[in-house]
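Novice: Position one of the sequence shown corresponds to residue 28 (my numbering), numbered consecutively onward. Sending over a structure as structure tokens; questions will come in a sec.
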Amino acid sequence: MDKGRQVFAVDLLERYAAKGRGVITCMAAGNDVIVLGTSKGWVIRHDFGVGDSYDFDLSAGRPGEQSIHRVFVDPGGSHCIATVVGSGGADTFYTHAKWNKPRILSRLKGLVVNAVAWNRQQITEASTREVILGTDNGQLYEIAVDEKDKREKYIKPLFELAELPEAIMGLQMETAILSNGTRYYVMAVTPTRLYSFTGIGSLETVFASYLDRAVRFMELPGEIPNSELHFFIKQRRAVHFAWLSGAGIYHGGLNFGAQHSSPDGDENFVENKALLDYTKLSNGAEVVKPSSMAVSEFHFLLLIGNKVKVVNRISEQIIEELQFDQASDSNSRGIIGLSSDATAGLFYAFDQNSIFQVSVNDEGRDMWKVYLDMKEYAAALANSRDPLQRDQIYLVQAEAAFTSRDFLRAASFYAKINYILSFEEITLKFIGVGEQDALRTFLLRKLDNLAKDDKCQITMISTWATELYLDKINRLLLEDDTALENRNSEYQSIIREFRAFLSDCKDVLDEVTTMRILESYGRVEELVYFASLKEQYEIVVHHYIQQGEAKKALEVLRKPVVPIDLQYKFAPDLITLDAYETVESWMASNNLNPRKLIPAMMRYSSEPHAKNETHEVIKYLEFCVHRLHNEDPGIHNLLLSLYAKQEDDSALLHFLQCKFGKGRENGPDFFYDPKYALRLCLKEKRMRACVHIYSMMSMHEEAVALALQVDPELAMAEADKVEDDEDLRKKLWLMVAKHVIEQEKGTKRENIRKAIAFLKETDGLLKIEDILPFFPDFALIDDFKEAICSSLEDYNKQIEQLKEEMNDATHGADNIRNDISALAQRYAVIDRAEECGICRRKILAVGGDYRITRVYTAVGPMAPFYVFPCGHAFHAHCLIAHVTRCTNESQAEYILDLQKQLTLLGSEARRESNGGITDESITSMNPADKLRSQLDDAVASECPFCGELIIREISLPFILAEEAQLVASWEIKQQNLGNQRSISLPL
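Rendered as structure tokens:
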């Protein structure tokens, strides 16, 4: 420890703290508040935070001498509990900082309270929440007080030590909020045992659960003046504990919420337990046990006699002894006890009259050295304050490893040193012992620790490490001949490590220098690897092609960062090297232009291939055409040329029959050049394909002529394709027929039978007389007797059918004449009172101005009229006006034009009868009659009230545009309603 600065310092805080109320018997502190108990039953409260002090007498009204046995104050300094003991028994009081008078806890009468555990996580100034009291007879009670109630909320017993009923001397409590409730952790000590309790729920349920299970405890027998239990609190949470027992100081860490289950199911929240034996404090002299204790983060403060020995909790060494400047009248008893204020981070000692303050001055400043001496390097680093301290820790570790010849481990620690040893000193250490591996490790670790701004140093160290790697690789190759084949060898491991190093340092290594070094060592594969890291892809691909590793070259080319031009550049070499992998790679790429791959594909296609070998170029071209829907004529022409060179022409025919432009408006059905295709197919003697191309080019005669050389069935199919030109179709069939007849080699009668059978296949397009010229002149007519008779019978049937159709037509004409005559004589009976459906005047009324008489023949003095089968009747001029108004504009103009023409021609003399039309009059109608008939058809083809005209009026609006003014006249104008009262009507 640093002897120049003391960690703990003692100062006199208050010389006469008892204020003449007796001598001090006990003390408690919290949040800069000190509460004292005196031998005369007084409790004195000093609030150093506000500079206030007051006292109250707990012995008032009690017979005999009274003394304060214990005082307790919460961490916030608001709540206080005190126990007074006298000849009349014991009483316990509670008081609040805001109260003027303490309140007795009557249910605890007669019980001596030795210990109190506060709920540090939940206590507030207004409420104590749950508080546990430990008594002299081994009982635990729970109490809660709210300041506003001026009394306790409840006091209830929790637990009693039945097995060994000793006094409870110390109590501590912690809580943890979990998802399923609050977990309580309680520790209690007696003179010989430390008990631990834990559970979820309320305190009552936690302790009730121990009725059915054993209580966990640690027993350390031995005499002790005062058994104490202390928690060290950091950020309102206990982190470690210490028990002042007869056997020593039992201490350990606290990990609340840990899931280490004990055999009985409880959570074991105590870790790293240890026992500090008192013999370590005596230096060989007689052992004197402490009478009191306080706990700081790293130390124990032990009151032994009139001195406080400060013992480091980790090293268990005494680091300081604290002396107290006592008054002469206090020497009789000396220092009575120690107390701690966890909130303020202070410690106190007291004698019968005075209070001493023990302050802490950065007690963790030298803890790194303590841990370092104990070789607990991780803890030493955790407690180090500056880089120099960390360098010393690393140096100790490095020197220890170097001495034990663990050079690799030493290199790792040396690399972390930045100040107390230079880079050159460390490297010379490893060079001096010939440890190249350790030197390489040191350089690599040093790279990890350098800042990014040290670019020059990083580059130099990386280059040096590269050379060390290459030297190691070559040495391994010389030492082990099987290193190349053994994948688990050290050689393979160092290769993988070196490549990882190149990947990590690719941005800091100089490209030219590194490639030169790799080349000088003959490491071609690593050179290629580094080139790929530096995105020198042309070098990489060229290397793989030279090695015959097309698959690896293609993997490089498929990377998104590789320029697409390299695909086209290396395509000829790659497809020659491995056509399958190359084509698969092309098909997997979606950014290639197939046209730029044509040279490579033509080079591959020009080479000989096995008969059953899959043509990879054809596969790729089919992919482009069918999957990518490529429309490039060059791609289609190349695929067609490759199909034409195959022995099997099925693929070629299928390709020619496909309509690649199907679905496109005004687009072509194919994208290859048909003339080129025809020349190619003729050259390769693909006659079926030529037939298809001729047909596609509408050269049907050439197609049939060529098809007849291949297969008559194909010729028939081609001839049958022509549908819109009957003459051409017949001509094509005659070509087929001539070929069929001329090619027959059987007997004459057999040839004739086959010719007759052929006629049936034409579906009547050809007759026997069409094919007779193709037979020889010397053919006997008897051979055609059956066919000719059959043909004549067909003609006879046709003639008879035509006769029947003529007779049917004659009968139909006669029926029509009879119907016309009947219609001319048809009449309808009209009632005298019958009204016109439009003007509502009587139909048979005499007189009036009927201008229509110039157009129609009047019936006596009556106006012309129409009567419909439905019963509606209309005056002629009313009907014409109605239809003209309701029909569309063009029809209305047509009706008016007919009227105008009738007026110009003049009307004929009215007949005295309403009919009298004979057959002769029908056939000899003059122009006026024709116009009148057309007018009848226009206005009287159907009843205007029952026909289509009335149906169309459904879609017309109720109010026409010309009626807008009439509608506006009905509009209700806004009146001045200002003087009118509104009356609200209930709904």
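Think of the CB as a built atom: it goes at the ideal place given N, C-alpha and C, for glycine as much as any other residue.
At 3 residues or longer, and completely inside the segment 120 to 169: list those beta strand (DSSP E) runs for me, N to C.
Specialist: Listed in chain order, the complete beta strand (DSSP E) runs (minimum 3 residues) inside the segment 120 to 169 are 140 to 144 and 158 to 162.
Novice: Can you list, in chain order, the residues of its chain with a C-beta nearer than 8 Å to that of Ala171? Leave out the 5 residues immediately preceding and following it.
Specialist: Closer than 8 Å at the Cβ level, and outside the excluded window around Ala171, lie Ser154, Thr155, Arg156, Glu157, Val158, Glu179, Lys180 and Tyr181.
Novice: Do Glu343 and Lys307 count as a contact pair if the criterion is CB distance below 8 Å?
Specialist: Cβ distance < 8 Å, so Lys307 and Glu343 count as in contact.
Novice: What three-state label does DSSP hand Met320 in the structure shown?
Specialist: DSSP places Met320 in strand when its eight states are reduced to three.
Novice: Assuming Phe682 is part of the alpha helix (DSSP H), what are its boundary residues?
Specialist: That run of the alpha helix (DSSP H) goes Ser677 to Gln684.
Novice: Please go through the same chain and pick out, in chain order, the residues whose beta-carbon is closer than 8 Å to the beta-carbon of Val737, but skip the five residues on each side of it.
Specialist: Met714, Arg715 and Val718, listed in sequence order.
Novice: Around the C-beta of His838, are 16 or more other C-beta atoms found within 10 angstroms, so that it is buried, or is it exposed?
Specialist: With fewer than 16 other Cβ atoms within 10 Å, it is exposed.
Novice: Starting from Asn339 and walking both ways along the beta strand (DSSP E), at which residues does that stretch end?
Specialist: Note, Asn339: beta strand (DSSP E), Lys334 to Asn339.
Novice: Report yes if the CB atom of Leu604 is closer than 8 Å to the CB atom of Ile572, and no otherwise.
Specialist: Yes, they are a contact pair.
Novice: As an exercise, report each continuous alpha helix (DSSP H) stretch of at least 4 residues that is fully enclosed by the segment 575 to 657, in chain order.
Specialist: List check, alpha helix (DSSP H) in window: 577 to 584, 592 to 604, 606 to 615, 625 to 632 and 643 to 649.
Novice: Ala438 and Ala409 - do their beta-carbons sit closer together than 8 Å?
Specialist: No. Outside cutoff.
Novice: Tell me the rounded alpha-carbon separation between Thr430 and Ser319.
Specialist: Using only the alpha carbons, I get a separation of about 46 Å.
Novice: Under the assumption that Phe377 contacts Gly364 (Cβ atoms under 8 Å), give the Cβ distance between them as a whole number of angstroms.
Specialist: That pair is a contact at about 6 Å.
Novice: Taking only the alpha-carbon atoms, compute the straight-line gap between Pro896 and Leu829 and give it to the nearest angstrom.
Specialist: So the alpha carbons of these two residues sit roughly 40 Å apart.
Novice: From Ile260 to Pro102, what does the alpha carbon distance come to, in whole angstroms?
Specialist: Roughly 10 Å between the two C-alpha positions.
Novice: Just the C-alpha distance for Gly943 and Pro891, rounded to the nearest angstrom, thanks.
Specialist: Note that Gly943 scores a pLDDT of 43, beneath 50, so its modelled location is shaky; the value from the coordinates is reported in the next line. C-alpha separation (whole angstroms): 16 Å.
Novice: DSSP three-state label for Thr842, please.
Specialist: Note that residue 842 corresponds to Asn in the displayed sequence, not to Thr. If DSSP states are grouped into helix, strand and coil, Asn842 belongs with the helices.
Novice: If I follow the unbroken alpha helix (DSSP H) through Leu497, where does it start and stop?
Specialist: Leu497 -> alpha helix (DSSP H) spans Lys482 to Glu506.
Novice: Just to confirm my understanding: we take Asp507, look at its own chain, exclude 5 residues before and 5 after, and list those with CB closer than 7 Å. What are they?
Specialist: So the qualifying residues of the chain are Ser516 and Tyr518.
Novice: Which residue from Thr914, Asn445 and Lys927 puts its Cα closest to that of Leu983?
Specialist: Minimum Cα distance to Leu983 is reached at Thr914.
Novice: Leaving out the 5 sequence neighbours to the left and right, which residues in its chain are closer than 8 Å to Gln33 when beta-carbon positions are compared?
Specialist: Once the five neighbours on either side are set aside, the close Cβ partners of Gln33 are Glu347 and Asn388.
Novice: Determine the closest residue to Lys646 out of Lys957, Ile204, Asp841 and Glu611, with distance taken between C-alpha atoms.
Specialist: The shortest Cα separation from Lys646 among Lys957, Ile204, Asp841 and Glu611 belongs to Glu611.
Novice: Using a Cβ-Cβ distance under 8 Å, would Cys107 count as near chain D?
Specialist: The chain labelled as chain D is not found in the depicted structure, where only one protein chain is given.
Novice: Is Val37 near Gln350, with beta carbons less than 8 Å apart?
Specialist: Contact: yes.
Novice: What number of angstroms, rounded off, separates the C-alpha of Ile61 from the C-alpha of Gly115?
Specialist: C-alpha separation (whole angstroms): 28 Å.
Novice: In or out: Ile981 buried (at least 16 other Cβ within 10 Å) or exposed?
Specialist: By the 10 Å Cβ count, Ile981 comes out exposed.
Novice: Roughly how many angstroms separate the alpha carbons of Leu455 and Arg467, rounded to a whole number?
Specialist: Distance between the alpha carbons of Leu455 and Arg467 is about 12 Å.
Novice: State the DSSP-derived secondary structure class of Trp69, mapped to helix, strand or coil.
Specialist: Trp69 falls in the strand class under three-state DSSP.
Novice: What residue range does the beta strand (DSSP E) around Cys107 cover?
Specialist: Element bounds for Cys107: His106 to Gly113.
Novice: In chain order, what residues of the same chain lie with their CB nearer than 7 Å to the CB of Glu565, ignoring the 5 residues before and after it?
Specialist: Cβ neighbours of Glu565 beyond the five flanking positions: Leu593.
Novice: Is the beta carbon of Arg210 closer than 8 Å to that of Ser1075?
Specialist: The structure shown does not extend to residue 1075, since the chain is modelled only from 28 through 1014, so no value can be given for it.
Novice: Using the rule of at least 16 other Cβ atoms within 10 Å of the residue's Cβ for burial, across every protein chain shown, is Val233 buried or exposed?
Specialist: When all chains shown are included, Val233 counts as buried.
Novice: Please state the DSSP three-state secondary structure of Tyr81.
Specialist: Note: Tyr81 maps to strand in three-state DSSP.
Novice: In angstroms with no decimal places, state the Cα-to-Cα distance between Val322 and Phe258.
Specialist: C-alpha separation (whole angstroms): 7 Å.
Novice: Tell me which residues share the same chain as Thr540 and place their Cβ nearer than 8 Å to its Cβ, disregarding the 5 neighbours each side in the sequence.
Specialist: So the qualifying residues of the chain are Thr490.
Novice: What did DSSP end up calling Ala967 once you bin it into helix, strand or coil?
Specialist: Residue state, collapsed to three classes: helix.
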